[in-house]
Amino acid sequence: MEAINELLSTISNIVWGLPLILLLLGTGVLLSTRLMFIQFRGFWHGVAIARGKYDDPSHKGQLTHFQALSAALSATIGIGNIGGVALAIYYGGPGAIFWMWITALFGMAVKYTECTLAIKYREVEPDGNILGGPMYFIKLGMSKKLRPLAYMFALCTAVAALGSGNMAQSNTLAHSLVDAFEVAPESIGMWRWIIGIVISTMVGVVIIGGIKRIGRVASFLVPGMSIIYLLSALYILFLNFDQIMPAFDLIFYHAFNPTAAAGGFLGSTVWLTIQWGFRRGLFSNESGQGSAAMAHSTAKVDEPVREGMVAMLGPFIDTIMICTMTALVIISTGMWNSGINGAPLTMAAFDKALPVYGKWMVVIGIFLFAYSTVIAWSYYGEKGIEYVAGKKAKLPYKWIFIIFTLLGARLDLVSVWSFADIANALMAIPNLVALIGLSGAIVAITKKYMDEKKQGLHKPYK
167 MEAINELLST ISNIVWGLPL ILLLLGTGVL LSTRLMFIQF RGFWHGVAIA
217 RGKYDDPSHK GQLTHFQALS AALSATIGIG NIGGVALAIY YGGPGAIFWM
267 WITALFGMAV KYTECTLAIK YREVEPDGNI LGGPMYFIKL GMSKKLRPLA
317 YMFALCTAVA ALGSGNMAQS NTLAHSLVDA FEVAPESIGM WRWIIGIVIS
367 TMVGVVIIGG IKRIGRVASF LVPGMSIIYL LSALYILFLN FDQIMPAFDL
417 IFYHAFNPTA AAGGFLGSTV WLTIQWGFRR GLFSNESGQG SAAMAHSTAK
467 VDEPVREGMV AMLGPFIDTI MICTMTALVI ISTGMWNSGI NGAPLTMAAF
517 DKALPVYGKW MVVIGIFLFA YSTVIAWSYY GEKGIEYVAG KKAKLPYKWI
567 FIIFTLLGAR LDLVSVWSFA DIANALMAIP NLVALIGLSG AIVAITKKYM
617 DEKKQGLHKP YK
C-alpha cells in the first residue's frame with residue numbers, strides 16, 4: 167500500500183506542476199479581462215436571478231435557477247470546505263488560503279463562462295432530458311478536429327466522480343466519525359466498513375431517482391447546513407475577535423514568505439504554498455473543472471447569460487465565504503500548527519472554541535456536506551459515462567459508483583486524495599482549452615445581454 171501511495175503522490179505532484187497552474191490562472195485572467203470583470207459588475211444581478219425573480223416555468227429545463235445552483239453547490243460545498251482547507255494549511259501553511267482566494271476570484275469568471283456555454287450549447291431530447299456540459303459545448307461549438315477533447319473530458323469526469331466526488335468524501339467522513347467517537351484502534355477497520363455501507367446505501371436511494379431528486383435533496387440540505395456552519399464559525403470569530411486581523415496577517419505574509427517546516431506546517435517554499443492553494447481551491451470550488459456546467463445546463467432558462475450569472479456565485483459562496491470561515495477558525499484558535507491534519511484539524515479547532523458543540527457540529531456538517539457532494543457527483547459521472555458509452559451504461563455506472571463510495575470509507579487517506587487530485591487535473595485540461603477557444607462567443611453574447619439590460623429589455627418575471 168505504501169508503494170501505491172508514493173506512486174499516486176508522485177503522479178499528483180507532476181500533473182499539478184507549473185503548466186497546469188499557469189493554464190488555470192491564465193484562463194481566469196484572460197476571461198476576467200475579456201468579460202470586463204463580469205464577476206463584479208454582474209454579481210448582484212446574479213443574486214436576483216438566483217432568488218427566483220427571473221424564473222419562468224415555461225422555459226425548457228428540469229431545475230429552477232436556485233435548484234441548479236444548489237445542485238452545483240452540493241458538489242462543491244463538501245469535504246473541501248472542511249478537510250480540504252485543513253489540508254491546504256497543513257501542507258502549504260496559512261498562505262495557501264490566499265491562493266485559494268485567487269482561484270475563487272478568477273474562478274468566478276471561469277464558472278460564468280463554462281455555465282453560460284452549457285446553456286448555449288445544450289441539447290434537449292424529446293422527453294425533456296437535458297444533455298449539457300463541456301462535452302457538448304466542445305462538440306457543438308468547436309472544430310471537429312477538437313472533438314476528441316469532448317470524449318477525454320467525459321471519460322475523465324466519470325473517473326473523477328469516483329475519486330474527488332465520491333471516495334474523498336466517504337473517506338473523510340469515515341475518518342472523522344472514527345475520530346469523533348474515539349473508536350479503539352483494533353475496531354477502526356470494522357467501523358469504517360460499517361460507515362461505508364451506511365453512506366453507500368443512503369447514496370443509492372437518492373441517485374437512482376436522477377437529477378430531479380438530487381436537486382430537491384440538495385436544495386434542502388445545502389443551504390441549511392451552510393448557514394449553521396457559517397453562523398458557528400462567525401460566533402467563534404466573535405469570541406476570538408482580537409485574533410482575526412493577526413490571522414489575516416498570517417495568511418497574507420505566508421502567501422509570499424513561507425517559513426521553515428515546523429509542527430504541522432510543511433510548506434517551506436512559495437511554490438509549495440501556491441501549489442497547495444490551487445489544488446485545494448480547485449477541489450473546493452471546481453472552477454475550470456467543468457463539473458458545475460452539467461448541473462447548470464439543466465436549468466429552466468432561455469437566456470444563457472442568466473445562468474452564467476447564477477453559476478458564478480458558486481465560487482464566492484464556497485471559497486470566499488465558507489472556506490475562509492474554516493481557515494480563520496483554524497488559525498485564530500492557534501490550531502493551525504498543532505500537527506493535526508485533515509478534517510480532524512477543523513474538528514479540533516471548532517472544539518477548542520466551542521467545546522462539545524463545535525466538534526459535533528463539524529461532524530454533522532461533514533456528514534451532510536459529504537452526502538450532498540456524493541449524490542451530486544454521481545450525476546456528473548453518469549453524464550460522463552453516458553457520453554462515452556451511451557445510456558445503457560448509466561445504470562451499471564451507478565452501481566459501480568455506490569461500490570466506490572463503500573471502498574472510499576475503508577481506503578488510506580493519502581491514496582484517496584492523490585487519486586482525486588489527479589482526476590481533477592485531467593478533467594480540467596480539456597475544459598480550459600475549450601473555454602479559451604470559445605471565449606470570443608461568450609464575450610459577444612455577454613455584451614449583447616448587458617446592453618439589452620441597460621435598455622430595460624431584461625425585466626424580472628416576478
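In this note's numbering, the protein residues as written are 167 to 628. Don't be surprised by glycine CBs; every beta carbon is placed ideally from N, CA and C.
Check	Outcome
Measuring CB to CB, does Thr571 end up less than 8 Å from Ile365?	yes
Take Thr512 and list the residues in its own chain whose beta-carbon comes closer than 8 Å to its own, dropping the five residues that flank it on each side.	Ile248, Gly249, Val251, Ala252, Thr492, Val495, Ile496, Val528
Which runs of the alpha helix (DSSP H), 4 residues or longer, sit entirely within the stretch 327-379?	334-346, 354-373
Near Ile361, which residues of its chain fall below 8 Å by C-beta distance, leaving aside the five closest residues on each side in sequence?	Ser336, Leu339, Ala340, Leu343, Val344, Ala575
Have a look at Gly505 and Phe206 and give me their C-alpha separation to the nearest angstrom.	38 Å
Taking its Cβ as the centre, do 16 or more other Cβ atoms sit within 10 Å of Ala428, making it buried, or is it exposed?	Any reading at Ala428 needs caution, since the residue's pLDDT is 39, under 50, leaving its predicted position unreliable; the model's value is listed next. Counting Cβ neighbours within 10 Å, Ala428 comes out exposed, since fewer than 16 surround it.
Glu280 and Leu601: beta carbons closer than 8 Å?	yes
For Asp484, is the classification buried or exposed, using 16 other Cβ atoms within 10 angstroms of its Cβ as the cut-off for buried?	buried
For Ala514, I'd like the list of residues in its chain whose CB is within less than 6 Å of its CB, leaving aside the five on either flank, ordered along the chain.	Met501, Ile506
Return helix, strand or coil for Leu623, following the three-state DSSP convention.	coil
Nearest by alpha-carbon distance to Leu416: which of Leu229, Leu191, Leu598, Gly258 is it?	Gly258
Look at the alpha carbon of Ile566 and the alpha carbon of His420, and state the distance between them as a whole number of angstroms.	42 Å
My assumption, with CB atoms under 8 Å, is that Met301 sits in contact with Ala327. Please give the rounded CB distance.	Contact flag wrong, Cβ pair sits at about 14 Å.
Does the contact criterion of 3 or more C-beta pairs under 8 Å hold for the stretch 532-542 versus the stretch 277-291?	no
Cβ atoms of Gly443 and Phe272: under 8 Å apart, would you say?	no
For the candidate residues Val599, Ile588, Asp578, Ala589, whose alpha-carbon lies nearest to that of Gly355?	Asp578
Below 6 Å CB to CB, which residues in the same chain sit around Leu432 once its five sequence neighbours on both sides are set aside?	Because Leu432 carries a pLDDT of 46, less than 50, the predicted location of this residue cannot be relied on, and the following value inherits that uncertainty. Tyr257.
Measure how close the beta-carbons of Leu698 and Ala216 come, nearest whole angstrom, since I'm counting them as under 8 Å.	This structure gives no information on residue 698, because the portion of the chain shown stretches from 167 to 628.
Just the C-alpha distance for Leu405 and Leu189, rounded to the nearest angstrom, thanks.	41 Å
Report the rounded CA-to-CA distance for Arg472 versus Asp293, giving the unit in angstroms.	24 Å
Is it right to say Asp352 is buried, meaning 16 or more other beta carbons lie within 10 angstroms of its own, or is it exposed?	First, the residue type needs correcting, since residue 352 is Glu and not Asp in the sequence shown. It is exposed - the Cβ of Glu352 has fewer than 16 other Cβ atoms within 10 Å.
In three-state terms, what does DSSP make of Leu184?	helix
Note the first and the last residue of the continuous alpha helix (DSSP H) segment covering Gly307.	300-307
Can you say whether Ala426 is buried or exposed, counting buried as having 16 or more other CB atoms within 10 angstroms of its CB?	Summary for Ala426: the model assigns pLDDT 44, below 50, so the residue's position carries little reliability; its value from the coordinates is reported in the next sentence. Ala426 should be labelled exposed.
So Ala284 packs on Val554, CB below 8 Å; how close in whole Å?	The pair is not a contact, with the Cβ atoms about 18 Å apart (cut-off 8 Å).
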